[in-house]
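The sequence shown maps to residues 497 to 759 in the numbering used here.
Backbone N, C-alpha and C fix where the C-beta goes; we use that ideal spot for every residue, glycine too.
What follows is a single structure, written as structure tokens, with notes after it.
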Amino acid sequence: MTRISRRLKIVALLRFPCAIGLLACPPIYAQLKSGTCNEYRGTLGKSTQIGMSLYAKDQELAGSYFYKKNLMDIPLAGKYTAARDISLFETNSANQPRGVFELQFPEHDPHFQTADSLQAEVLQGKWTSTDGKGSYPVYLQLDHQCVPPGQSRYGAAGATSDADVEKNAQAFYAAVVAGDRASAAKYVAYPATYFDRGKEIKISSSAEFLKVYDQIFTPALIAQIAKSIPHHMFVNTQGIMIADGKVWFDADGKARQFNNQAQ
């Protein structure tokens, strides 16, 4: 060993003892706090809409992501690689590696200027296939918080079956977007409510619902519902919602409140 190499080794021992295994390294400071689960919405590629659930446990990350076009969850597992950098690995149905997200929690949103530094509100980076043949930019924004894996996603609203909630909510969503009012009426929990000139009105039956359908579902409201995603929805003790609270579902995923008033 030369004098220079010995000197470099001594410097490494003094400055980076944990990096070479002499001491336990302290954990990387994570933007997504341990025990937190966040729901993100955004794009993969130029315009493909996706959603992502991300749960942190110390430095380990777990969750899933989905495409709006099919709403099928794709498992993810990963970890922090730096204070603001994460790697998330996905597998196919045969549990074989399919791709990897290399993402960063930026200090500032590239699309919206903010004075304060961000923490876990935005994720950006890229997705790359394991064969290296495909690579696409990714941009995600925090939509709401979720429950840790293994817990009932909609339990806060009293739901006993997450699958039933999503089945009914998605059927209602599809009917409204398609203009199929008769089918939409089947996925409403009566009595439901809507607003008429600022006054909350009760709807007691599907017949009443169909009479006021056009009054409730204006082109603007339908467009807002179409932009929302009836999967991994926001939930609290009052219910489950889509379209920024324009539609609320009950514990079975049936629509029960329409906030159709203009804002």
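Note down, in chain order, each residue of its chain lying with its Cβ closer than 8 Å to the Cβ of Y669, except the 5 sequence neighbours on either side. If you ignore the 5 residues before and after Y669, its C-beta comes within less than 8 Å of the C-beta of I721, S724, P726 and I738, all in its own chain and listed in chain order.
Suppose you measure from the CA of G531 to the CA of I712; what does that come to, to the nearest Å? 40 Å
Compare the Cα-Cα distances from I718 to each of Q753, G675 and G595 and report the closest residue. Relative to the Cα of I718, the nearest Cα in the group Q753, G675 and G595 belongs to G675.
Neighbourhood of E603 by C-beta distance below 7 Å, restricted to the same chain and skipping five residues each side: Cβ neighbours of E603 beyond the five flanking positions: S613 and L614.
Looking only at C-alpha atoms, which of F745, Y686, G559 and E696 sits nearest to Q647? Out of F745, Y686, G559 and E696, G559 has the C-alpha closest to the C-alpha of Q647.
Which partner residues does C533 have in the DSSP bridge list? Y551
L528 to G654 span [Cα, whole Å]: 27 Å
Using DSSP's beta-bridge definition, name the partner residues of N732. G735
My output table needs one value for Y576: the three-state DSSP class, helix, strand or coil. strand
Inspect the beta-carbon positions of V618 and F601 and report whether they are closer than 8 Å. yes
Exposed unless 16 or more other CB atoms sit within 10 angstroms - verdict on K742: buried
Spatial neighbours of V672 within its chain, please: CB distance less than 7 Å, with the 5 preceding and 5 following residues excluded, ordered by chain position. Within the same chain, V672 has close Cβ partners A680, F713, I718 and I721.
Which partner residues does A558 have in the DSSP bridge list? Y551 and A573
In angstroms with no decimal places, state the Cα-to-Cα distance between P513 and T577. For P513, the predicted structure reports a pLDDT of 41, less than 50, and the residue's modelled location is therefore unreliable. A value from the coordinates is still provided. Cα to Cα, P513 sits roughly 19 Å from T577.
Report the CB separation of I697 from F705 in whole angstroms; it is logged as a contact under 8 Å. Not really, about 11 Å apart at Cβ, beyond 8 Å.
Please state whether the Cβ-Cβ distance between I570 and E586 is less than 8 Å. Yes.
Check each candidate in R649, G621, R594 and D660 and name the one with the smallest Cα separation from K629. The shortest Cα separation from K629 among R649, G621, R594 and D660 belongs to R594.
Reduced DSSP category for G630 - H, G, I as helix; E, B as strand; rest coil: coil
In chain order, which continuous runs of the alpha helix (DSSP H) of length 4 or greater are located wholly inside the stretch 666 to 752? 677 to 681, 702 to 707, 709 to 712 and 715 to 723
Whole angstroms are fine: how far does the CA of Q592 sit from the CA of L550? 20 Å
If we ignore side chains and look at the alpha-carbon of each, how far apart do S631 and K622 end up? 7 Å
Going by C-alpha distance, which of K750, D581 and T733 is nearest P687? K750
On the criterion of 16 or more Cβ atoms from any shown chain inside 10 Å, does N534 qualify as buried, or is it exposed? buried
Enumerate in chain order the residues of its own chain whose CB-to-CB distance from A665 is below 6 Å, with the five nearest sequence positions on each side excluded. So the list reads P726, F745 and G749, once near-sequence residues are dropped.
Residue(s) in a DSSP beta bridge with Y650: Y650 is not bridged to any residue.
Mapping the DSSP letters down to three states, classify E662 as helix, strand or coil. helix
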